[in-house]
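The sequence shown: position 127 = 433 (this note's numbering), numbered continuously.
Glycine residues also receive a C-beta, built at the ideal position from the N, C-alpha and C atoms.
No experiment lies behind these values; they were computed from the predicted model shown.
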Amino acid sequence: MLAIDDIVVHYGVIEAIKGITFEVNKGEVVSLIGANGAGKTTILNTISGLIPATSGTISYKDKPITKASTREIVSSGISQVPEGRRVFSGMTVKENLEMGAFLRKDRANVQKDLERIYKSFPILKERLTQDAATLSGGEQQMLAMGRALLSDPELLLLDEPSMGLAPLFIREIFNIIEEINQRGTTILLVEQNAKVALEVSDRGYVMETGKLVAAGPAQALLDSKEVQRAYLGG
Numbered sequence: 307m308l309a310i311d312d313i314v315v316h317y318g319v320i321e322a323i324k325g326i327t328f329e330v331n332k333g334e335v336v337s338l339i340g341a342n343g344a345g346k347t348t349i350l351n352t353i354s355g356l357i358p359a360t361s362g363t364i365s366y367k368d369k370p371i372t373k374a375s376t377r378e379i380v381s382s383g384i385s386q387v388p389e390g391r392r393v394f395s396g397m398t399v400k401e402n403l404e405m406g407a408f409l410r411k412d413r414a415n416v417q418k419d420l421e422r423i424y425k426s427f428p429i430l431k432e433r434l435t436q437d438a439a440t441l442s443g444g445e446q447q448m449l450a451m452g453r454a455l456l457s458d459p460e461l462l463l464l465d466e467p468s469m470g471l472a473p474l475f476i477r478e479i480f481n482i483i484e485e486i487n488q489r490g491t492t493i494l495l496v497e498q499n500a501k502v503a504l505e506v507s508d509r510g511y512v513m514e515t516g517k518l519v520a521a522g523p524a525q526a527l528l529d530s531k532e533v534q535r536a537y538l539g540g
């Protein structure tokens with residue numbers, strides 16, 4: 307579904323991504339793990355068209371999207387839940403959710419998808435008229451995920467969904483990630499909490515300072531002594 311081929315990304319003169327190649331197949335949950343500053347968020351933002359690639363190609367369903375605009379990328383079926391949630395303050399929960407459907411033309415199906423989101427995130431239905439900024443961190447994460455899902459994506463990019471959340475909310479969020487995947491959405495997951503990310507993933511890639519240093523089935527990475535020492539506290 308998604309192919310990243312020898313992507314290089316610069317911030318000014320700094321080479322943040324150093325020729326990365328990987329792929330995400332339809333129906334998978336694939337994790338990008340690594341320390342803070344490894345380049346994981348940069349990869350997601352490059353896929354979404356928020357940061358231009360210096361060189362290399364990104365293909366989605368066999369079509370190049372390296373030079374596409376963010377609007378075109380979202381319209382093609384890719385949606386991103388950004389690091390830090392970034393809900394729209396001063397807007398209600400319902401208004402935030404509706405922003406996710408901004409580019410959709412199938413208005414009749416939007417209401418059906420809203421009801422599905424309320425089923426996955428019942429707390430949001432209870433808070434529809436509440437200012438999004440007054441939600442807890444975990445509730446804002448649910449809102450950001452619901453907003454992204456309302457664009458009806460085939461590929462969901464999740465950036466640090468556990469950041470700043472209490473352990474109880476982390477487990478709840480990752481249970482929902484598994485449910486979303488089981489309903490047919492492919493997921494590329496960036497996460498510092500390597501253990502919980504790999505536990506819900508089919509495969510994983512390990513990043514260090516802009517490069518991939520390991521890859522394989524999620525269970526193999528969980529069992530790897532090297533990965534355990536570096537990322538799992540083993």
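Selected residue, minimal CA-CA separation from residue i, among the options
i, options, result
"residue 535", "341, 360 and 408", "341"
"residue 494", "388, 370, 381 and 378", "388"
"residue 362", "447, 408, 325 and 316", "325"
"residue 328", "319, 314, 321 and 452", "314"
"residue 372", "414, 470 and 360", "360"
"residue 369", "357, 510 and 383", "383"
"residue 348", "317, 397 and 334", "317"
"residue 386", "403, 335 and 454", "454"
"residue 366", "395, 331 and 440", "331"
Cβ-Cβ distance between residue i and residue j below 9 Å
i, j, result
"residue 521", "residue 532", "no"
"residue 310", "residue 497", "no"
"residue 344", "residue 514", "yes"
"residue 450", "residue 399", "no"
"residue 456", "residue 393", "no"
"residue 448", "residue 427", "yes"
"residue 444", "residue 423", "no"
Classification of residue i by the beta-carbon crowding that lies within 10 angstroms, buried from 16 upward
i, result
"residue 337", "buried"
"residue 489", "exposed"
"residue 375", "exposed"
"residue 405", "exposed"
"residue 507", "buried"
"residue 472", "exposed"
"residue 346", "buried"
"residue 477", "exposed"
Residue i - partner residues in DSSP beta bridges
i, result
"residue 523", "509"
"residue 309", "329 and 365"
"residue 425", "Paired residue(s): none; residue 425 is not in a bridge."
"residue 502", "Residue 502 pairs with nothing; no bridge assigned."
"residue 517", "514"
Minimum length 3: unbroken beta strand (DSSP E) runs contained in the region 350-408: 361-366 and 384-387
Continuous beta strand (DSSP E) assignments of at least 3 residues falling wholly in the region 311-353: 320-330 and 335-340
Within the region 435-486, ranges of the beta strand (DSSP E) (whole runs, at least 3 residues): 461-465
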